[in-house]
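Protein chains in written order, with the numbering used here: chain F, 29 to 283; chain S, 1400 to 1749. Note that CB positions come from ideal geometry on N, CA and C, so glycine has one too.
As structure tokens, then:
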């Protein structure tokens, strides 16, 4: 399902932290049913952009629009029911269980039923740990629990903003998450995900946004953005074309 | 990074405490109420002081009822204030005094004593502040401390936990130094009162209006916190995640700072800077009621009131100073080791 009108869009986004310019004049749009992957080096502004798009950080310049309406005009709970955010390092104070942490996704909706929580935990492969304390989970498990929370939060027509959901996962879990993201996009959600791995980007992206030093260097279809030339230029190493998309050549080797 | 996924058989117990915990807490608190009302001091046939158990005559009962109410209200206020600061600062070791409310109140008292000593118009102001066992002076100092922390942390760019703690530590230390300075300018006899006040004691006949104000404040705030419990739960997520699920984090933090500071001010005015009750009551509550704030708020009120009442009842029995031992000495003696145990347990877990 594809819609030309963007669910989430931004114009001229700028963010300054004191004298550091983290983001400068970035524009972007994500339509329903599509997955936008944000790629860039460390400290290129990926997380900052995602925080702004998710409405949890106010930009110092520009605006974000959710369904055509400025994010500032949505009340926190209206926004929360349409727009979910997965942090790079999910945290939770207190002795709450994994299932309770997922149920927090229903906070804005005034609660969520146990079946929805159980389904989401099942999707991310954490059903067996539902009654464990969240604080006992590993980093990768915490990210998956937080993803389950986002799934519960935004419903079937929501927008999901995911900051590095694959970074701490083993290959089996990466495959599981890729299937979740693709399936949810096919069901009509819009997804923005920051990703480091070119192969994962190749597997999930409809569109890509390449960031360098807080500036947009490319925005367009994945086939045009994920080329060895563009990625080589972005990351400063050699990429070769492979069956799973551009592949980095580490250790100075060439394919 | 690989996950070590435990077997489904090892799903473990639910981390929630039950209603049983809260009921038990209620029973213990009721026991403390009974003890405080029925245990008193008297003299036996040959005039030596002794402990008397039983319903006293009406006049004495009125005094004990007043003390019982003061201890319950102040204990509940301390517990709720500690809970507010522990949520606000995302730190389980925060107490009502972490932002300088107690040193502010102490400073207000010694300042009033100093003004009296100055004479003239200053003495009139000082005397007014010291009216009614120094309630206006302590309230003035406590509110001054909260206002300073509020303004400083807003200047620092919001009410984030680290900025608040920094402002609180600095405010507390500055008022502490102010107390030391003024103590040198105030005569010895008057200073003795301040040392006793600094330990914390339950007044035998607190003014009715103060009990009413404190009781209503504790009741209204506890009810509001109970209603806001789902939001308090979700605010335990990381800042960005909490905002994302719809928690108005900045408004919540302003609210927590106001009620935490306000309740600490009420408590310090009523009973002085009693140690450890505000720190330990929320912990006892979490152990017995589980993680959810619906239960924790209720259990904190009961635990705070019960702890201070229990300490005051014990003080009646083991009293060493002929009725003069400040109850704060007891809460500190018991609370200190309990606090250490808490630290060691958390270390063991991490």
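If you compare the alpha carbons of 1527/S, 1478/S, 1487/S with that of residue 1662/S, the shortest gap goes to 1478/S.
If you ignore the 5 residues before and after residue 125/F, its C-beta comes within less than 8 Å of the C-beta of 158, 159, 160, 161, 162, all in its own chain and listed in chain order. Exposure of residue 1603/S is indicated by the presence of fewer than 16 other C-beta atoms within 10 angstroms of its C-beta. Of the residues 1422/S, 1463/S, 1450/S, 1423/S, the one whose Cα lies closest to the Cα of residue 1436/S is 1463/S. Contacts with chain S at 8 Å (Cβ-Cβ) include residue 118/F. As DSSP reads the structure, residue 246/F sits in a beta bridge with 238/F. Counting only unbroken stretches of 4 or more residues, the alpha helix (DSSP H) elements lying wholly within the segment 49-86 of chain F are 74-81, in sequence order.
With fewer than 16 other CB atoms across the displayed protein chains lying within 10 angstroms of its CB, residue 1447/S is exposed. Taking one beta carbon from each stretch, the segment 1500-1510 of chain S and the segment 1540-1549 of chain S have 3 or more pairs nearer than 8 Å; the two touch. A Cβ-Cβ separation of about 7 Å places residue 1598/S in contact with residue 1671/S under the 8 Å criterion. Within chain F, no C-beta atom comes nearer than 8 Å to that of residue 1463/S; the closest sits roughly 38 Å away. Within chain F, no residue has its beta carbon less than 9 Å from that of residue 1456/S; the closest one is some 48 Å off.
Near chain F, meaning a CB-to-CB distance below 8 Å, no residue of the segment 1598-1628 of chain S qualifies. Taking C-beta atoms under 8 Å as the contact rule, residue 1466/S and residue 1709/S fail to qualify, at a distance of about 13 Å. The continuous stretches of alpha helix (DSSP H) do not include residue 265/F, and DSSP gives it neither H nor E. No Cβ of chain S is located within less than 8 Å of the beta carbon of residue 194/F. Looking at the DSSP output, residue 276/F bridges to 267/F. Within the segment 132-195 of chain F, complete beta strand (DSSP E) segments of at least 3 residues are found at 187-191, given in chain order.
At a Cβ-Cβ threshold of 8 Å, residue 87/F and residue 41/F count as neighbours. Less than 8 Å separates the beta-carbon of residue 1537/S from that of residue 1667/S. Taken in chain order, the unbroken stretches of alpha helix (DSSP H) that lie wholly in the segment 1579-1627 of chain S and span 4 residues or more are 1587-1598, 1607-1626.
Along the segment 90-118 of chain F, going in chain order, the ones with a CB nearer than 9 Å to a CB of chain S are 103, 104, 105, 106, 107, 108, 109, 111, 112, 113, 114, 115, 117, 118. Shown here, residue 1438/S sits in a strand according to DSSP, grouped into three states. Looking from the CA of residue 151/F, the closest CA among 210/F, 112/F, 102/F, 122/F belongs to 210/F. When secondary structure is reduced to three states using DSSP, residue 125/F falls in the strand class. Residue 44/F and residue 55/F have their C-alpha atoms some 16 Å from each other.
Note on geometry: alpha-carbon atoms of residue 164/F and residue 1690/S lie some 15 Å from one another. Check the Cα spacing between residue 233/F and each of 250/F, 242/F, 244/F: the tightest is with 250/F. In summary, residue 143/F is exposed, with fewer than 16 beta-carbon neighbours lying within 10 Å of its beta-carbon over all protein chains present.
Under the three-state reduction of DSSP output, residue 1429/S falls in the helix class. Under the DSSP assignment, residue 88/F falls outside any beta strand (DSSP E); it carries neither an H nor an E label.
According to the DSSP assignment, residue 1714/S belongs to the alpha helix (DSSP H) that extends over 1692-1717. Between the segment 223-242 of chain F and the segment 196-209 of chain F, the count of C-beta pairs closer than 8 Å reaches three or more; the two stretches touch. Contact note: residue 1639/S reaches chain F through 79, 82, 84, 85, 113, 115, using a C-beta cutoff of 8 Å and chain order. Between residue 1498/S and residue 1681/S, the gap from beta carbon to beta carbon reaches 8 Å or more.
Note that the C-beta distance between residue 127/F and residue 140/F is not below 8 Å.
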